Amino acid sequence: MKLALSGKFVSTAACLMMALAVPAIGVAGDTVKIGVAGPHSGDLASYGLPSVNAAKIVAKQINDAGGINGKMIELLIEDDVCKPEIATNTATKLASEGAEVVLGHICSGATKAALPIYKDAGILVMSPSATNPGLTQSGDYPNFFRTIAPDDAQAEVDVTFALDKLGYTKIAVIHDKGDYGKGFAEFAKKFLEESGKAEVVLFEGVTPGAVDYSAIVLKIKRSGAEAVIFGGYHPEASKIIGQMKKKRLKTTFISDDGVKDMTFIKVAGKNAEGAYASGPQDNASNPLSKVAIDAHKATFNADPGAFYENAYSAMLALVNAIKKAESTDLAALKKVLQTDKVETPVGNIYFDDKGDAVGVGFSVYQVQDGKFVEIK
Amino acid sequence: MDYFIELLFSGLTRGSIYALIALGYTMVYGIIGLINFAHGEIYMIGAFTAFIVATVLSIYGFPLLAIIIIAAVAATVWASAYGYTIEKIAYKPLRQAPRLSPLISAIGMSIFLQNYVLLAQTSDFLPFPELIPDFEFMEPVAHIVGSSDLVILITTTVVMLILTYIIKFTRVGKAMRATAQDRTMAMLVGINVNKIISATFIIGSALAAIGGLLIASHIGQINFYIGFIAGIKAFTAAVLGGIGSIPGAVLGSLVLGLTESFATGYISSDYEDVFAFSLLVLILIFKPSGLLGKSETQKV
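Chains as they are written, first to last, in numbering that gives the first Met the number 0: chain A, 0 to 375; chain B, 0 to 299.
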């Protein structure tokens, strides 16, 4: 089917090109190869698979409408299990298979490990979910873009919420010692201290996978904290929140979008009720978001998962950039991304000179009756 | 003072769980001198079996006590079957091989079982039903000792007593001790050494399965990877107490659990593992055979 299509297409496209005397499309070949990397198996697969779905849906829509400037999108899907050591292999594989741009990776640690390889190969990378601030702010990765706000923005939202909405003055900050969790926790601590309104009574890391967290829970209790801000992922969060309930703590639990996942509610059950978690803002009022979600329901017969809309938006931004730049050259793509606004499910976005999307933010959600409800 | 007592119980609970797993390591080492790295996975399989049985039974509306008992029995039987089979498949053919071969075989078995459960079940975290309810009479002290902590402590103590009885006063126990002392001599006096080794694996696996059921119900979640960290910690505890020694495994586990709990409570949980393993290094420097281990002369 691919062969049958390509022959006709190339010739038609070539004729058109000549007729219209459009400056030639730089790259040879009849497809645009877009890599999709993230955890597609293992503990954190629920964060990675929605992006694969988003990539498939957008690619199909574009291809059905005639491709990008006549070229079909070909997806190269690679699993990195969210592990930095595997992500480097994934990146090398994608680069050698000729991926021209990459949608991914999902986890910050894995993204950080993979970026130098893409940078050397001149491949533009756009993550729907890697929120570690250093990825853009360090300036080390000029090839990196993202459609999600960085952790410091997220930490700021959580801290402002705890201080101004909930009015707490004593807060414990706990993290899982990982790139993502610790980064988030450090920003939360910094914002709390700078606000002058609250005291950080405890700042500590826990060991992921430990059989028991009761000692740290006791310590939270002793610190007299009114709220715990936790930086990390849902497996630890549900363990900690469960043991907090067992020790009869009334401390409020506030966390990040690593926890804002249905698995958290499924595993923690009734213990999760009342917990807060920040996540990308609800785009229900955006018509494009409805289009994206309906497309997912129609294709996969299920509700989309975490970061689906961010991934969908990233695909739209990438496609738009390739179309306008008429090549996959890094400098040309960057120029389009930074100047041209794109209508996406997460809003009308463009990118600043560091690679962060302008116009994307976080909101705080609370678990109510087994669902995340956005708190206005 | 309250805080001290809370940490003490938290450490004891954690230590008891390590002990249930550590006993399996130490018994197997005592008898055939092998570190059974697949033991952590037996713990995980025990937890999964209990999960499946408990979930199915609660759908049919069985009373809680019946669920606990049936799930515990199913988990111990199933995990013991795994322990028995692993020994027959992976270790017995290598009994005359150099010491390194069964060790590698054990590591391979561990990886195999992890991936087997990953593929046959799921990679997601699963919510484990709360099998131990909050007892009414525990409510006044619930902030210090929870109901599940209490059940874990009592179960561990009872299981230890039964194990001590088996080893000290039954024929199997006597045969086990004889095999541990000298396998050839035990064979010469008519002990069926193969049967005794199988029995050791079965008992060790049953203990690990009980540990799996208790801890999974305590923390409320399981996945295919839980056996790895628990196994490493329990192995550390067994070495700390003197590998091969049964009271040593229990003592080592409690020392490790308490060290972790107090290190977290009074210093920082960032350094929980640093303290646990520094303690191990220190003890091994001054007492290379562990707390209660006997320094044996090398058999020639």
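A virtual CB, placed ideally from N, CA and C, is assigned to each residue, including glycine. Everything numeric in this text was worked out from a predicted model, so none of it was measured.
Residues bridged to residue i [DSSP beta-bridge criterion]
{"i": "Leu125 (chain B)", "result": "B:Ile221"}
{"i": "Met125 (chain A)", "result": "A:Leu102 and A:Phe144"}
{"i": "Gly204 (chain A)", "result": "A:His174"}
{"i": "Gln367 (chain A)", "result": "A:Lys370"}
{"i": "Lys379 (chain A)", "result": "Outside the shown range of chain A, which is 0 to 375, sits residue 379 (chain A), and nothing can be said about it."}
{"i": "Met71 (chain A)", "result": "A:Thr30"}
{"i": "Ile380 (chain A)", "result": "Residue 380 (chain A) is absent from the structure shown; chain A starts at 0 and stops at 375."}
{"i": "Asp355 (chain A)", "result": "A:Arg145"}
{"i": "Asp78 (chain A)", "result": "A:Gly37"}
{"i": "Gly264 (chain B)", "result": "DSSP, once it has assigned bridges, lists no residue as partnering Gly264 (chain B)."}
{"i": "Ser362 (chain A)", "result": "A:Gly278"}
{"i": "Val227 (chain A)", "result": "A:Ala171 and A:Phe252"}
Buried versus exposed, by CB contacts within 10 Å (16 or more), residue i
{"i": "Pro139 (chain B)", "result": "exposed"}
{"i": "Ala3 (chain A)", "result": "Unreliable placement is indicated for Ala3 (chain A), whose pLDDT of 47 sits below 50; the coordinate value is still reported in the next sentence. Answer is exposed; the Cβ neighbour count stays below 16."}
{"i": "Asn131 (chain A)", "result": "buried"}
{"i": "Gly25 (chain A)", "result": "With a pLDDT of only 40 at Gly25 (chain A), under 50, the local geometry of the prediction cannot be trusted, and no value is derived from it."}
{"i": "Leu160 (chain B)", "result": "exposed"}
{"i": "Ala27 (chain A)", "result": "Legend: pLDDT at Ala27 (chain A) = 44, less than 50; position of this residue unreliable, value from coordinates given subsequently. Exposed, since its Cβ has fewer than 16 Cβ neighbours within 10 Å."}
{"i": "Pro22 (chain A)", "result": "Low confidence applies to Pro22 (chain A): its pLDDT is 38, below 50, so where it sits in the model is not reliable enough to give any reading."}
{"i": "Gln242 (chain A)", "result": "buried"}
{"i": "Gln220 (chain B)", "result": "buried"}
{"i": "Arg170 (chain B)", "result": "exposed"}
{"i": "Phe8 (chain B)", "result": "buried"}
{"i": "Gly60 (chain B)", "result": "exposed"}
{"i": "Asn191 (chain B)", "result": "exposed"}
{"i": "Leu99 (chain B)", "result": "exposed"}
{"i": "Val157 (chain B)", "result": "exposed"}
{"i": "Phe285 (chain B)", "result": "exposed"}
{"i": "Arg145 (chain A)", "result": "buried"}
{"i": "Gly230 (chain A)", "result": "buried"}
{"i": "Ala197 (chain A)", "result": "buried"}
{"i": "Val368 (chain A)", "result": "The residue you asked about is not Val; residue 368 (chain A) is Asp in the sequence shown. Its Cβ having fewer than 16 others within 10 Å, Asp368 (chain A) is exposed."}
{"i": "Met184 (chain B)", "result": "exposed"}
{"i": "Asp139 (chain A)", "result": "exposed"}
{"i": "Asp351 (chain A)", "result": "exposed"}
{"i": "Ala271 (chain A)", "result": "buried"}
{"i": "Ile153 (chain B)", "result": "exposed"}
{"i": "Leu187 (chain B)", "result": "exposed"}
{"i": "Ile173 (chain A)", "result": "buried"}
{"i": "Glu77 (chain A)", "result": "buried"}
Below 8 Å between beta carbons is the criterion; list the residues of the segment 178 to 206 of chain A that meet it against any residue of chain B, in chain order.
For the segment 178 to 206 of chain A, the set of residues with a beta-carbon nearer than 8 Å to any beta-carbon of chain B comprises Glu203, Gly204, Val205 and Thr206, in chain order.
Inside the segment 65 to 94 of chain B only - alpha helix (DSSP H) runs reaching at least 4 residues:
Secondary structure in the segment 65 to 94 of chain B: no alpha helix (DSSP H) run of 4 residues or longer lies completely within the stretch.
Which residues, taken in chain order from the segment 31 to 57 of chain A, show a beta carbon closer than 8 Å to some beta carbon of chain B?
Ser40, Gly41, Asp42, Ala44 and Ser45
Is the segment 187 to 199 of chain A in contact with the segment 227 to 245 of chain B, if contact means three or more CB pairs nearer than 8 Å?
no
So, do the segment 281 to 288 of chain A and the segment 27 to 36 of chain A have three or more beta carbon pairs nearer to each other than 8 Å?
no
For the segment 232 to 285 of chain A, which segments carrying the beta strand (DSSP E) assignment without a break, of at least 3 residues, lie completely within its bounds, in sequence order?
For the segment 232 to 285 of chain A, whole beta strand (DSSP E) runs of length 3 or above, ordered along the chain, are 251 to 254 and 275 to 279.
Any contact of the segment 12 to 30 of chain B with the segment 248 to 261 of chain B, i.e. 3+ C-beta pairs under 8 Å?
yes
Quick one, which residues of the segment 204 to 225 of chain B are near chain A if we go by CB-CB under 8 Å, in chain order?
Hits within the stretch, in order: Ile214, His217, Ile218, Gly219, Gln220, Asn222, Tyr224 and Ile225.
Quick one: which residues of the segment 244 to 261 of chain A get their C-beta closer than 9 Å to a C-beta of chain B? List them in chain order.
Lys245, Lys246, Arg247 and Leu248
Identify each residue in the segment 216 to 237 of chain A for which the Cβ-Cβ distance to at least one residue of chain B is less than 9 Å, and report them in chain order.
Val216, Leu217, Lys218, Lys220, Arg221, His233, Pro234 and Ser237
Compile a chain-ordered list of the residues in the segment 133 to 144 of chain B whose CB is closer than 8 Å to at least one CB of chain A.
Ala141 and His142
Could you run through the segment 38 to 51 of chain B and flag, in chain order, every residue whose CB is less than 9 Å away from some CB of chain A?
Listed by position along the chain: nothing, the set is empty.
Evaluate contact between the segment 333 to 346 of chain A and the segment 294 to 314 of chain A, counting only Cβ atoms and requiring at least three cross-stretch pairs below 8 Å.
Yes: the two stretches touch, three or more of their Cβ pairs being nearer than 8 Å.
Which residues, in order along the segment 265 to 282 of chain B, keep a beta-carbon less than 8 Å from a beta-carbon of chain A?
Ser267, Ser268, Asp269, Glu271 and Asp272
Would you be able to state if there are at least three C-beta pairs under 8 Å between the segment 351 to 358 of chain A and the segment 256 to 275 of chain A?
no
Any alpha helix (DSSP H) of 4 or more consecutive residues that is wholly inside the segment 120 to 196 of chain B
146 to 168, 170 to 180 and 182 to 187
Count the C-beta pairs between the segment 320 to 336 of chain A and the segment 81 to 97 of chain A that are closer than 8 Å, then say yes if the count reaches three, no if not.
no
Please identify, using Cβ separations under 7 Å, the residues of the segment 261 to 277 of chain A that lie next to chain B, in order along the chain.
Cβ contacts with chain B: Thr262, Lys265, Val266 and Gly268.
Report yes or no: do three or more beta-carbon pairs, one from the segment 144 to 161 of chain A and one from the segment 203 to 210 of chain A, lie closer than 8 Å?
Verdict: no, contact absent.
For the segment 68 to 85 of chain B against the segment 242 to 254 of chain B, do three or more pairs of beta-carbon atoms, one drawn from each stretch, fall closer than 8 Å, so that the two count as touching?
no
Are the segment 114 to 123 of chain A and the segment 48 to 62 of chain A touching, with three or more C-beta to C-beta distances below 8 Å?
no
Flag this pair as touching only if the segment 176 to 184 of chain A and the segment 221 to 241 of chain A have three or more C-beta atom pairs under 8 Å; answer yes or no.
yes
Check distances from the C-beta atoms of the segment 142 to 168 of chain B to those of chain A and list, in chain order, the residues that come in under 9 Å.
His142, Ile143, Gly145, Ser146, Ser147 and Asp148
Taking beta-carbon pairs under 9 Å, can you tell me which members of the segment 116 to 127 of chain B lie near chain A?
Hits within the stretch, in order: Leu117, Ser122, Asp123, Phe124, Leu125, Pro126 and Phe127.
Which residues, taken in chain order from the segment 9 to 31 of chain B, show a beta carbon closer than 9 Å to some beta carbon of chain A?
Using a CB distance below 9 Å, the part of the segment 9 to 31 of chain B facing chain A consists of Ser9, Gly10, Thr12, Arg13, Ile16 and Tyr17, ordered along the chain.
Going along the segment 51 to 62 of chain B in order, which residues come within less than 9 Å of chain A, judged by CB to CB distance?
Considering only beta carbons, no part of the segment 51 to 62 of chain B lies closer than 9 Å to chain A.
Pairs of beta-carbons, one from the segment 258 to 270 of chain A and one from the segment 120 to 128 of chain B, closer than 8 Å: are there three or more?
yes
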